[in-house]
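Reviewing the structure listed below.
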Amino acid sequence: AVVIRNAGDGDITRDFQITIADTTTSYSVSDTFTNLGGTLPLTAGSSQTITVGGWNVGCHHCDYEITVTLDEQDDVCECHEGDNEATLQTTITLPDLVVDSADLAVDCAGDGRIRIRGPVTLRNNGCGDLLTGSVRMRFNVFDGPDCGGTMIDSFTRTFSGLSISANGGTEVRTIDVTRTLDLCDTCRVSIQVQADDNDEICECDGTNNDLCAGTFDIDYPDLIVTGIDTSGITCAADGPAGIVKVTVENVGCGDAGQFTLRLSSDGCLSFADKTVPLLAAGGSTTVDFPVSGTWGDCGDCSCVFTATADPDEDICECNGTNNALSETFTSVLPDLEISNVSAAIECAGDGLASVDADVTVHNDGCSDVASSFDVSVTLYDGANCSGSIVDAWSETIDGETIPGGGERTISLTRHLLTQALCAGDCAYSAKFEVDADNDICECDGTDNTFCLSSLFSHVPDLVVTEIDPTVDCRNDTAQVVATVENVGCGDATGVVLRLTSSCGLSIDSSPFDLAVGDARDVTFTYTPDCNGWNCTYTVVADPDEEVCECDGANSLTLDRYPGDGSIGDRIWFDLDGDGVQDAGEDGIPSVIVIIEGDLDNDGTIDYTAQVATDANGEYLFDGLPAGDYTISVDPNSLPEGLAQTYDYDGTATADTSEYTLAEDEDNRDQEFGYRGTGSIGDTVWFDVDGDGVQDAGEDGIPNVTVILEGDVDADGVTQTITTTTDADGNYLFDWLPAGPYTVTVDGSTLPDGLAQTYDADGLGTADSSDYDLAAGEDNREQDFGYSTPGLSVDKTIIDILRDGTSIGVSGPVEPGDIIVYKFVIDNVGPVPAYGVGFDDTLPPGVVIETDAPGDNGSYSVSSPAASGSLGLSDGVGSFTEGIDATIDGGGSLTVTFTAVVTSDIEQGTALTNTAHAFGLCEDGTVIPPENAVIGDTSDADAEDPDADDTGIATLSPVQPGLSVEKVITDIVRDGESIGAAGPVEPGDVVFYRFIIENVGDGTAYHVEFTDTLPSGMVTETDAPGSVGSYSVTSPAASGSLNVPDGATQFTTSIDATIAGRGTLTADFSAVVTSDIHQ
C-alpha cells in the first residue's frame, strides 16, 4: 500500500507515473496514478492510498527494500521535486511448514483393524517468529506403493501446543491410531502425511506440506469356513449318530497359527471344539465332528448347524466377519410319546374290578410310523407309579399309521382284575409305555413312558355304623337316626335303608345317593308309646341288593336299654345361700324341670321329658332305664333375678345336675337352691373439677348415708335398706335380685356447702338415681359427685380520661381525671355461686362520677348470661352492691364504673381502690374466701393475691413542683434605659421580673409569692413604674399584681393556678432612694 499526498496549494489534475521496485527480488511495477487505482483530481492538502499486488515473496529471503518514485516524467509542475521518492526496509514473518519425516509402522490391531503408529517430525522453514498453536495433520492410506493407487482411508489428527522456531526449527509428535480396514486384497499399503491440509496457517509456501511415509507389506491371515457336510448323520439305538464334516480356508496374506474350529447348532445337537494347528495362506482343511447325545427337540425337524473359525478371536485377521458359515439340516427320525391316558377302574361284580384305558400316542418326530408296536401297562397300589405292583399286561398295536407331528388315540382291550380294589385310600396309578421292545428306531427312546399318577377305584361299599334312637315325651315324638357310610372307592346311587324293631316297626327310607367317603344320617320318625318306648332296633343298607359293592353284609342291631328306676326331688329359695333348705326357706312352685338321658353312652340324648314342681317345689321322673341323666331347671320359669346356690353335683354347671342311674335305682337327691346375686354400689366423692369423673386426687366423702329402695328379696314388695360410705366414700348393696331400684344420698349427712355434680341417671332428681338391675349384674356405676363454688377477684383500671382523651391506665392522675374501674369476680369452682355481690371503697379525694363520660356503672355475667346497671349515685366514695348474681362454675361477673379525681386528693399519697366480693353456696352457706379442696388458695388480683376475695387498684396522683428565678430586666435613669447591669444611684427605677415554673406534672393551685426589696429601695407605681402584672402560660391567665407604692415588701393575692410544666411570670418596678448605703 502506497500513500500519495499533495502537499502543495493547488490541485493535481494531470495523470502522472508511479514506479515501485523491490531490489531484493527485482520485482518492479511502473504505471500511471489512475491505472494503479488513483482518482484525479488529487486536491491540495489531500492524500490517497493505492494498493499494488503481485509481489511474490519467499522464505528464502526474509529482508526486503522497496522504493517508490513519483512523476518521473515531470508531468506535474510542482513546488518541490526533491520529495518524490521514498524507500521502505521491511522483514517478513511468515512461517513455512514442512513434514520433515514420519517413521511409521503398520500392525494388525484385531480382526479387520490396523494400527498406525510412530513419530512425525515437523520443520519450520519460514521467517520471523515461532510457529505456535495447533496444526491439523491428515494421513491418507493408499492401496499402492509410494502413495499411489486408490486412497482407501483418510483420517486427521491435531498436533497441539506446538512451538517451532523459524529458519529450520523442528518438533516431533507421535501418533497411535487404530483404523477399520481389510488389507488382504492388496497385502500392502502406503501412507501420505499432510501438514495443515485445511490451510489454516498462512505460509510462505503451501506446496511443500506433504510427505509419503513409505510402503508397508501386510502379512495377516483371513479364515473362511467354506463348507458343512451333514450327509453323514444317521440313526442308531433311538438316537442320532454319524459325523459332520467342516471345511475351512485361509484367504489372507499370511499364515494362521493354531486356532479353534467350533460347530454349534440352534439346539438340536452339541459338539466339542476342534483345534487346527496351522493353516498356511491360500490353504484349506476339513475337520470331522462326531454326532452323539440326543436330539434337542425331536419335534423341530429343521436344525441349523453353524461352523465358526477362530470363535475366540485368537488370530488377528484381515476380516473377522467372514469366519462363520451356517447350513440347515432336516431330520428324518420319528419319535413316539404317550401324550395322554384316560383310564378308569370300574366294578365288574361283587369283589371284582376291571380297567379300561384310552392311550393317545403322539409322533413328535419327523417321519411316519407304520410298523407294529406294543403298549405295556403296569398297575400300582400307590400314587405316582409307586408302591407294589397290582398287575401288569401288554398289548400289540397293528394297522396304525402315525404321521410325523400327528397322533392317534388307541382304545386298549378291557382288562379284568381278580380283586375289588377297595382297600386303602382307593388311589392307584398306572405306567403306560409305547414301543417297550424298541421295534421302532426313534429320535429319542427315553420319553416313551407315561405315568397316570392318580387312578381311582370306583367301587362303593356300604356299612351301617350306628343306630341312635331318641324319644321326646314332652312332644310325643320319637326318632331313630341310622348312620350309613360309603367306605368303598366309588359313589353309590339309589341307596335304601330299612328299619325294623321289636316294637313292631318296619320303615324304608327314600332312595338317596352316597358319595365315596361320605356318611349320612337317615332319620326314621314315629309316635312313641311313652309307657313302652324301650325297644330293639335293626337297620339294613341296600336290603334288596340293588347296589354293586365290595361287600354286601350291611346290617346293624341295637338292643333295648336295661332297667326301671326314678329321679326327683325339690327346688327352693336359699335365702342365706348356704345350700341347705333351712326352716322358712320354702319350695318354689311351677318351675319347669327337664330330664335328658344318654342311655347308650354315645354323648347324645336318647330320652327327654319334663315336669313342673308342685306347690311344695317337688318333682319326680319314673320308669327310667339305667343310664347317664341330666336334670335341668328351666331358668325362664324361675322368678327373675335369682341365681343358683346349690345342686346335687355342684353349681359349676348352672341349673343342671348330672347323675348316672343304676338299673332299678330310685334317686331322690336332685335338689336345687336359688337366691339373688346382683349388687349396686359405688362412691360418693368430692368432684373437684365438676366434670362428673372421679379423677386422681379427688377423694371420697365418708360417713354419708345412702338409701336403697326396691324388691330386695324378690317377693314383689318394695323395701328400703340403708348403708354408710366408708373412709373412701364407697358403699355397696349386695345379693340383689333383678328389678328396678332407687339409690338416694341423704343430703343432711353431707358436709356444708356442697352441690351435686353427677349421678348415674343425671341431675334431674337431686341426690337420687334410678336403675334397672339385670339378673346377676354387679352395678358399680351409682356414683354421686359433689363440689363447692369458690371466688377469685381481680380489680383493675381499664382507662383514665383527661379532658375527654385517654391517657392510658397507669397514671399518674390529677384532679378532673376520670378513672374507669373494672372488678372481675371469677367462680373458680365447678358449681354455681349464688347471691354474688361486692362492696367498694374509693381512695380519699376520688368519688363516683355518673355524668358523661361516666355512668351509673354496669355488670355482666358470662354464664348464665345476665347484665344490668349498678345504679350508683354521683359523688359517693364507697358503696355496697348486692347484685344477687348467680355465676356458673367457671363463669365470671364483670363490673365497670367510673370515678373522678377531685382537688381533695392528698398530693404524694397513693390512691388505692379496694373491692371485696361475697356470695353463697347452694345450701345457703357463705362461700369462704379460701377453699383449698378446689384449689381456691389465691386471688387473680396482681396487687392483692391473698385468698381474701379482695382486690385493689392503686394510682399515684400527679405531683407539682415550683422553681423560681428573679432577674432585672431594665434600669431607667432620667427616663432613659441604662441597661440591666447597673450600677444604680438614687432616682434610678429598677424593673424586676419574678418567674415561677411548675417543674412537676401535677397542677399547682393557689400560687402566691412575697418579695422583699433591698434596703434603700421601695416599690414604684408611678411612671415609668406600674402596679405590676403577671401572666400564666397554662392554663392561660394574666392580671395586675396591685403592688402598693413605696413598699419595701409585698405579698401577692393573685390565687394563681399553674399546670404541670407551666410558668407564671410577674413584672414590677422599684425606685432607688437616697437611703441606700453607698
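Going by my numbering, the first residue of the sequence shown is number 543, and it counts up by one from there.
Ideal Cβ positions, reconstructed from N, Cα and C, are used throughout, including at glycine.
In this text, all values refer to a predicted model and were calculated from it rather than measured experimentally.
Please say whether residue j and residue i have beta carbons closer to each other than 8 angstroms?
| i | j | result |
| --- | --- | --- |
| T1195 | D1116 | no |
| G1220 | P1279 | yes |
| N1473 | G1332 | yes |
| I880 | V897 | no |
| G670 | L636 | yes |
| A586 | N548 | yes |
| A755 | L646 | yes |
| Y606 | T632 | yes |
| D981 | S873 | no |
| E1356 | T1479 | no |
| G1139 | Y1190 | no |
| D1294 | W1227 | no |
Check residue i in the structure and name its three-state DSSP category.
| i | result |
| --- | --- |
| C689 | helix |
| I694 | strand |
| A1151 | strand |
| G1424 | strand |
| S568 | coil |
| I1476 | helix |
| P832 | strand |
| T1291 | helix |
| N864 | coil |
| S1352 | coil |
| P1357 | coil |
| P1131 | coil |
| P1566 | coil |
| N1178 | helix |
| E1207 | coil |
| F701 | strand |
Among the options, which has the Cα closest to the Cα of residue i?
| i | options | result |
| --- | --- | --- |
| I1469 | A1280, Y1376, F1533 | Y1376 |
| S589 | V818, L1412, G550 | G550 |
| T1552 | G1544, I1538, D1564, K973 | I1538 |
| E1550 | A1407, D1587, T1607 | T1607 |
| N1017 | S996, C993, G893, P1070 | P1070 |
| V545 | A823, T555, V735, L578 | L578 |
| V919 | A912, D906, E937, S928 | E937 |
| I1263 | L704, V1285, N1272, D1270 | V1285 |
| C983 | N1158, I857, A779 | A779 |
| D1446 | P1386, I1494, T1440, D1416 | P1386 |
| K1508 | A1522, P1502, E1518, D1516 | A1522 |
Should residue i be listed as close to the ligand ZN, given that the test is whether its C-beta is under 7 angstroms from any heavy atom?
| i | result |
| --- | --- |
| A1196 | By its list of ligands, the structure shown contains no ligand whatsoever, and the ligand ZN lies outside what it can speak to. |
Starting from residue i, follow the beta strand (DSSP E) in both directions and report where the run begins and ends.
| i | result |
| --- | --- |
| G1377 | 1375–1383 |
| A969 | 969–976 |
| V1366 | 1360–1369 |
| H904 | 894–905 |
| Q1186 | 1184–1189 |
| C754 | 752–759 |
| Y1068 | 1061–1068 |
| H603 | Looking at the DSSP string, H603 is not in any beta strand (DSSP E), and its letter there is neither H nor E. |
| S1311 | 1310–1315 |
| L1333 | 1333–1344 |
| R1102 | Per DSSP, R1102 belongs to no beta strand (DSSP E) and is neither H nor E. |
| D933 | 931–939 |
| T1492 | 1492–1497 |
Would you mind giving the Cβ-Cβ distance between residue i and residue j, rounded to the nearest angstrom? I have them listed as a contact below 8 angstroms.
| i | j | result |
| --- | --- | --- |
| S1329 | L1296 | 7 angstroms |
| S1311 | D1303 | 5 angstroms |
| V1082 | R1040 | 5 angstroms |
| V735 | A644 | 5 angstroms |
| V677 | I743 | 7 angstroms |
| G841 | A823 | 45 angstroms between Cβ atoms; not a contact. |
| A1151 | L1203 | 14 angstroms between Cβ atoms; not a contact. |
Please report whether the beta-carbon of residue i lies at a distance below 8 angstroms from any beta-carbon of chain C.
| i | result |
| --- | --- |
| G1419 | The structure shown has no chain C; it contains just one protein chain. |
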